[in-house]
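The opening residue of the sequence shown carries number 91 in this note's numbering; numbering runs sequentially from there.
Heads up: the structure comes next, in structure tokens.
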Amino acid sequence: DSSHITGSYLRIKIMALAYSTVGSSLYGNQDLKADILDAMDWMYTNRYNETKTAYGNWWDWEIGTPLHINDIVVLMYDDLSSTPAKITNYMKGIEKFSPDPNKVNNAQFVPTGANLVWKCQVVALRGVILKSTTKLTLAKDALNPVFDYVTTRDGFYTDGSFIQHNVYAYTGGYGVSLLQELTNL
91 DSSHITGSYL RIKIMALAYS TVGSSLYGNQ DLKADILDAM DWMYTNRYNE
141 TKTAYGNWWD WEIGTPLHIN DIVVLMYDDL SSTPAKITNY MKGIEKFSPD
191 PNKVNNAQFV PTGANLVWKC QVVALRGVIL KSTTKLTLAK DALNPVFDYV
241 TTRDGFYTDG SFIQHNVYAY TGGYGVSLLQ ELTNL
């Protein structure tokens, strides 16, 4: 189940947040740091890397997992910077599964709405981590359609409503996610 990969990275991210948050009882805890780095290496070797083939839900491979990996790398950046090959490796998996926010791999659709914003966030943060202006520009440019009003299908309508997945009024679900992630971007 592809959601297990995303869930595992979420748990590692929670550990990284506890480790890197000033005032946390686990702030700077060296045993926790070792556990986080070991977990990241194990997940890279066994679950999510540039040699794996996607299965299950595309969202986990292209959005959920990459969002968590990016966050972990940012939270642990100072600890990972002494081993830049690890950062490069973690980013290779993301590059394979989510290289371009305008495309969903192995599917016949272009991401819109919240999915597009999430994909832009994945690509933009990877651009920051790898210091790639190309990735940052790609993410910025792909975000533009989110701001246009639509008259059919996904997006914001002039009456303030929001549609995702072609027909569903998701103002409170995907709409909230879209606005939250736009704020992060």
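Glycine is no exception: its CB is placed at the ideal position from the N, C-alpha and C atoms.
In this text the structure is predicted, and so the values were computed from the model without any measurement.
{"Item": "For Phe199 and Gly113, the rounded distance between their alpha carbons", "Value": "45 Å"}
{"Item": "Simplified DSSP state of Tyr145, which is helix, strand or coil", "Value": "coil"}
{"Item": "Contact the region 125–139 vs the region 160–177: 3+ CB pairs below 8 Å", "Value": "yes"}
{"Item": "Cβ separation of Tyr247 and Val240, assumed to be a contact under 8 Å, to the nearest whole Å", "Value": "6 Å"}
{"Item": "Closer than 8 Å: Tyr167 CB and nearest the ligand NAD heavy atom", "Value": "For the structure depicted, the ligand NAD is absent and the ligand set is empty, with no information on it obtainable."}
{"Item": "Gly113 (DSSP reduced to helix, strand or coil)", "Value": "coil"}
{"Item": "Local conformation of Ala259 per DSSP, three classes", "Value": "strand"}
{"Item": "Element boundaries [alpha helix (DSSP H), containing Ile159]", "Value": "155–165"}
{"Item": "Contacts around Asp91, its chain only, beta-carbon distance under 8 Å, and the 5 residues preceding and following it disregarded", "Value": "Gly146"}
{"Item": "At least three beta-carbon pairs within less than 8 Å, the region 212–223 to the region 156–163", "Value": "yes"}
{"Item": "For Gly183, the three-state DSSP class (helix, strand or coil)", "Value": "helix"}
{"Item": "Inter-stretch contact at 8 Å, needing at least 3 Cβ pairs: the region 181–192 / the region 130–149", "Value": "yes"}
{"Item": "Under 9 Å between C-beta atoms of Tyr99 and Thr155", "Value": "yes"}
{"Item": "Residue environment, Pro174, which counts as buried when at least 16 other CB atoms sit within 10 Å", "Value": "exposed"}
{"Item": "Residue range of the alpha helix (DSSP H) that includes Val194", "Value": "Careful: Val194 lies outside any alpha helix (DSSP H) and carries neither H nor E."}
{"Item": "Own chain partners of Tyr117 with C-beta closer than 8 Å, once the 5 adjacent residues on each side are dropped", "Value": "Ala108, Tyr109, Ser110, Thr111"}
{"Item": "4-residue-minimum alpha helix (DSSP H) runs that sit fully inside the region 199–226, ordered along the chain", "Value": "203–220"}
{"Item": "Every unbroken beta strand (DSSP E) within the region 233–258, with a cutoff of 3 residues, ordered by chain", "Value": "252–254"}
{"Item": "Asp121 versus Gln270, Met105, Gln254, Ile219, residue with shortest Cα-Cα distance", "Value": "Met105"}
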